[in-house]
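Beneath this line is the structure, given in structure tokens, with notes to follow.
In the working numbering, the protein residues as written are 5 to 306.
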């Protein structure tokens with residue numbers, strides 16, 4: 005199962021219809037919580053999501069709408085006695101903020117929480133693929149995240165049969181890459197990996213494009229509309245049009261817009277503005293919505 009569960013979509017302050025940020029990515033066995041803003045624990049309850057499957061938490065930066073839910077989530081991990089370690093990634097320069105949030109109140113800590121701050125050049129292998137982080141342009145230290153699944157190979161039964169390979173011999177061929185004179189390339193096809201990108205508070209910069217490059221799903225802030233582009237640039241945010249342009253230039257397959265300013269009451273305006281730049285599918289995220297990751301590409305180049 006590969007899907008994004010949207011827990012909150014507001015920027016700076018919550019509204020009657022939008023909670024602070026929160027995004028749960030289910031990627032097979034790897035379950036990652038991104039930017040748990042205030043109220044995330046309750047939003048998870050409403051969305052039918054437990055903390056037990058969580059393997060890692062990724063914080064882009066330490067503004068409250070992206071991190072004030074962290075204490076509650078960590079304390080719930082302890083309360084529910086999650087049996088495996090949960091890794092938390094966050095900007096290394098915000099260590100003091102993480103330390104405060106990690107033990108914001110008194111509680112009996114039964115959890116195994118692994119602090120793993122990110123800095124330039126960060127990358128780590130996960131069960132879902134390689135997770136990397138790149139610095140963005142905001143008023144405080146901020147990172148975007150990118151998850152890349154490596155390509156693999158899909159065995160083709162007809163080609164296996166042509167070479168008389170069946171049963172346990174198929175596994176031997178996959179593990180060694182060769183069985184006698186037959187190579188794995190002769191009886192299989194490339195199975196393209198998938199890519200997920202998460203870009204929150206930032207002005208337009210090269211790393212936004214680097215994170216988004218070829219993503220199957222790009223979750224990206226679109227705090228402002230073009231009419232307020234000057235303000236967006238001043239405070240380190242994107243417009244819906246800029247998000248659409250990034251998606252088009254980066255070859256994104258599915259664009260998910262979020263982090264909307266409370267000044268706008270009609271969410272369709274974000275879609276209209278982004279649509280002028282990006283012809284592909286666009287989701288204007290709503291709280292408690294589930295967005296499936298697009299089906300896998302059939303070839304590497306498609």
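Using N, Cα and C, we set each Cβ at its ideal position, and we do this for glycine too.
Treat the numbers as computed from the prediction; the structure is a model and nothing was measured.
- DSSP places residue 86 in the coil class of the three-state scheme, outside both helix and strand.
- Under the DSSP assignment, residue 192 falls in the beta strand (DSSP E) whose first and last residues are 192-195.
- With a threshold of 16 other beta carbon atoms within 10 Å, residue 21 falls short and is exposed.
- According to DSSP, residue pairing for residue 127 in a beta bridge involves 136.
- Residue 154 has its alpha-carbon roughly 33 Å from the corresponding atom of residue 75.
- At the C-beta level, residue 135 and residue 147 stay beyond 8 Å of one another.
- For residue 214, the CB contacts under 7 Å within the same chain, skipping 5 residues up- and downstream, are 138 in chain order.
- Sequence-distant partners of residue 183 (beyond 5 residues in either direction) whose C-beta falls short of 7 Å from its own C-beta, in its chain, are 169, 173, 176 and 177.
- From the listed residues 157, 156, 144 and 140, the smallest Cα separation to residue 150 is found for 140.
- The bridge partners DSSP lists for residue 148 are 138.
- Non-local beta-carbon contacts of residue 273 in its own chain, meaning distances under 7 Å to residues more than five positions away in sequence, involve 229 in chain order.
- Ranked by Cα distance from residue 162, the options 93, 192, 275 and 57 are led by 192.
- The C-beta of residue 25 has 16 or more other C-beta atoms within 10 Å across all chains shown, which makes the residue buried.
- Inside the stretch 10-62, DSSP marks whole beta strand (DSSP E) runs of 3 or more residues at positions 26-31, 34-38 and 60-62, from first to last along the chain.
- Cβ-Cβ separation between residue 90 and residue 60: approximately 7 Å, consistent with a contact (criterion under 8 Å).
- Rounded to whole angstroms, residue 160 and residue 31 show a C-alpha spacing of 25 Å.
- Apart from sequence neighbours up to five positions away, the residues of its chain that approach residue 19 with a beta-carbon distance below 7 Å are 266, ordered along the chain.
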